[in-house]
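Structure, as structure tokens:
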Amino acid sequence: MSALSIPAFILIVITAMVILIFRDWRINAIALAVQYLAAFLLITLSWPIGMAVVKLIVGWMATAAISITLLRQNPPEDSSESVSSLLFRGLAGLLVILTIFILAPTLRETLFPNLETVILQGGLMLIGMALMQLGTNSDPLMTIFSLLSLLSGFEVIHAGLETSTLLTGLLAIVNLGLALVGVYFIIKTTEREGLTDQEEHP
Amino acid sequence: MRLSTPILWVIFPLFISALAAAFYKRRLVSILLTSLTCFCLALLAAVFPENMILSISPLTLVFEDSLTILGRQITIAYEILPFITLIYAMTGLWALSSGIAGAPQMFRPISLAITSLLTSALGVEPFLYAALLIETAVLVSIPMLSPVSQKTHPGILRYLTVQTLALPLILLAGWLLAGVETLPADSPLVTQAAIVLGLGIAVWLSVFPFHSWMPMISERANPLATSFLFFIMPTTTMVFGLYFLDRYAFLRDLPELYESLSYVGVTMIIFGGAWTAFQNNLKRAFSFSVLVETGFSILAVGLSEQGGLTWMLALIPIRAIEFWLWGYLLTLIEKKTGSLEIHAVQGLARQYPILSAGLLLVQFSVAGLPLLAVFPIKIAVLTESFKLSSALGVWCFIGSLGLILFSIRLLFSLVTPKEGIVPQRWRRSEKLFEYLPALIIILLLIISGFFPNTFFSDIINILSAFNHLQ
């Protein structure tokens, strides 16, 4: 599995950049699903496959829940993206990549001496890109995608530090919960017009 | 028959919450189901025997204080029951009053689910797993704060983001803490662990500058829902924080810890007070006042050596009833005026004198006005701050002045008739079922101010659950 660690890391960088740059939910959902696969490959460096596969299944379930809801609701497309905004986000992403490459060795030395560099870099890359996305976007769907990426990045690092069945289970609940919140936001946006008042009138 | 306390105070309320969610459109059923469950659980926690054996005629129920799930334990010890009593009683009160117009339909089941999740967070072992339960409570709270009828506003996204950021920090701190327990106190790893943990708890408590979601949410969401959230989340986090202090000797012995906490607390009091003073929206002012309250709690923990933990705990029940009253009154007033901008409530006291008086009273009570419930505790915290450092005390006082300034602005606004309108005669337009609950709580606030040690003193007993903090 260690032979796959570098391709997994490259996949993480590419998918994280795609999610950061593009706003089309179809592209982002595919990128997120691939990102979970890459994260799974990195987790297998620390955990047995049987346990690591839980993260993959949960991640794909979360992505599927959001994607299916989006397919059914068919939200309006935003075609007003300018090239300059794509370029700006691309450059911001490159800045994050550069920062991670600079920070990772120091962090490994001071905080995580037992962690493989590729795991740390992969996890930090997901966290960094997600934070950049969260800081530059206020769209509910993109926020959920970013939070899922952020948790995925943390799980990659945490898997290298600790193994716990209950923790894996609870993190799975949190990931699925986040996806459900995403579904709630999507449904809310599309169904809101049909509802005039959900408040109670005694 | 053998049972366990987590089944009673975690599993059972979660089940009732799911049941109430199924009946969320049947207002009366949902209110009765949630509030009765909460009050019964609170009563049971209040009278629960120390030997954990309940005899009801022929039936004898033997309780264990822990429940094992996937090799880990949830423990609800006898010592923590006064806190459980308080949070369930208050959740019951919130649920009971949620029948008023404007409250979200899902508020009742969600509030009960949040309380049971946070109860389990207090008892899970290893207790760092509580971070995941608290995150689950955050996720559950979303439909309560942003109902289907409302557009998803940036505040709710920021709340979700900020609270989710705390999760990795706390879990990472847990891993770091496990490694540093045996290290000498001057090891750099000890400081790193303390910083990561402090950052995680600061994010949870919405310490400045992680507070920005609070006014944003407060402005858009229903006041009853936000007041519940602003009470239950920081309060449980504060108690949860005590577990860290109790468990890790190196944290307790860190010389800079208490000083840093004092400065963080005072910073929150200053910023919260200053922001409150200049707010023109009552809901936003409420959220900034919450910052001041959290600041006082953190300052009290910083004054642990002077007995601050007792004050921190003593503030909890008074804060609970203040926040409830605040949420209840703001919900009612918003429904009547359509807005909670300070100009929109101008002259309100001439039509709704009891509601207006209640709002002023709770505002002055939070500000720490003498003879009101919170005064004896806040004056003790202020006095000790002055003793520790006069600068600390002065800044603390200035922050509190911000709350008083806003209260005075509110007073003028409520009694001054609107410009260009012939002044209305003073009359009472409130209905009995609207003002009676508020009136009872107002009287409770006043009486508990006159007799500070008579009410709510039981909560201090939970300190016995923390062997090293007494």
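Protein chains in written order, with the numbering used here: chain A, 11 to 212; chain B, 1295 to 1764.
The beta carbon of each residue, even a glycine, is placed where N, CA and C say it ideally should be.
In the displayed model, B:Ser1360 falls within a strand according to three-state DSSP. Each of B:Ser1723, B:Gly1652, B:His1447 was checked against the Cα of A:Ser148, and the nearest Cα belongs to B:His1447. In the same chain as B:Asp1752, and ignoring 5 residues on each side of it, the C-beta atoms closer than 7 Å to its own belong to Pro1376, in chain order. Taking CB atoms only, B:Trp1569 has no neighbour in chain A less than 8 Å away. It is roughly 27 Å from the alpha-carbon of A:Gly163 to the alpha-carbon of B:Glu1475.
Counting along the chain, no alpha helix (DSSP H) covers B:Ile1636, and no H or E run does either.
For A:Ile59, the uninterrupted alpha helix (DSSP H) run begins and ends at 59-83, by DSSP.
Beta-bridge pairing by DSSP links B:Asn1575 to B:Glu1635. For B:Pro1307, no CB of chain A lies under 8 Å from its own CB, so it is not counted at the interface with that chain. For B:Phe1658, the closest alpha carbon among the candidates B:Ile1702, B:Thr1677, B:Ser1758 is that of B:Ile1702. Boundaries around B:Ile1347 are those of the beta strand (DSSP E), 1347-1350, since no alpha helix (DSSP H) includes it.
Taking a beta-carbon distance threshold of 8 Å, A:Leu171 counts as an interface residue toward chain B.
For B:Tyr1552, there are no C-beta contacts with chain A under 8 Å, since the nearest C-beta of that chain is about 26 Å from it. Counting along the chain, B:Thr1476 sits inside no alpha helix (DSSP H), nor does DSSP assign it H or E at all.
If you check each beta-carbon in the region 1358-1378 of chain B against every beta-carbon of chain A, the ones closer than 8 Å belong to Ile1363, Leu1364, Gly1365, Arg1366. Only residues of its own chain outside the window of five on either side were considered, and among them Tyr1552, Leu1555, Ser1556, Gly1559 have a CB closer than 6 Å to the CB of B:Gly1596, listed in chain order. Annotation: the continuous alpha helix (DSSP H) that includes A:Arg118 extends over 93-120.
The secondary-structure analysis by DSSP pairs B:Val1418 across a beta bridge with B:Ile1368. Under the 8 Å criterion on CB atoms, B:Gln1486 is classed as interfacial with respect to chain A.
DSSP places B:Arg1719 outside any beta strand (DSSP E), giving it a letter other than H or E. In the structure shown, A:Ser15 falls within a helical segment according to DSSP collapsed to helix, strand and coil. As computed with DSSP, B:Thr1354 is found in a beta bridge with B:Ser1349.
Taking CB atoms only, B:Ile1436 has a neighbour in chain A less than 8 Å away. If you check the CB distance, B:Ser1481 and B:Lys1577 do not come in under 8 Å. Between B:Asn1516 and B:Gly1396, the gap from beta carbon to beta carbon is short of 8 Å. Tyr1423, Leu1426, Glu1429, Thr1430, Leu1433, Ile1436, Pro1437, Pro1441, Val1442, Ser1443, Lys1445, Thr1446: these are the residues of the region 1415-1446 of chain B whose beta carbon lies less than 7 Å from some beta carbon of chain A, given in chain order. Shown here, B:Leu1548 sits in coil according to DSSP, grouped into three states, outside any helix or strand. Rounded to whole angstroms, the gap between the alpha carbons of B:Asp1540 and B:Val1533 is 11 Å. Chain A places a beta carbon closer than 8 Å to that of B:Pro1462, counting this residue as a contact. Residue environment analysis places B:Pro1352 among the exposed positions, since fewer than 16 neighbouring C-beta atoms fall within 10 angstroms of its C-beta.
Against chain B, a Cβ distance below 9 Å from A:Thr79 picks out nothing, because the smallest value is about 14 Å.
Linking B:Leu1439 to B:Leu1624 through their CA atoms gives a straight-line distance of about 15 Å.
The beta-carbon of B:Thr1530 is placed no less than 8 Å from the nearest beta-carbon of chain A. Residues of the region 1465-1479 of chain B that bring their beta carbon within less than 7 Å of a beta carbon in chain A comprise Leu1465, Trp1469, in sequence order. Following the DSSP letters along the chain, one finds B:Leu1297 in no alpha helix (DSSP H) but inside the beta strand (DSSP E) bounded by residues 1296-1298. C-alpha of B:Pro1300 to C-alpha of A:Leu171: approximately 30 Å in a straight line.
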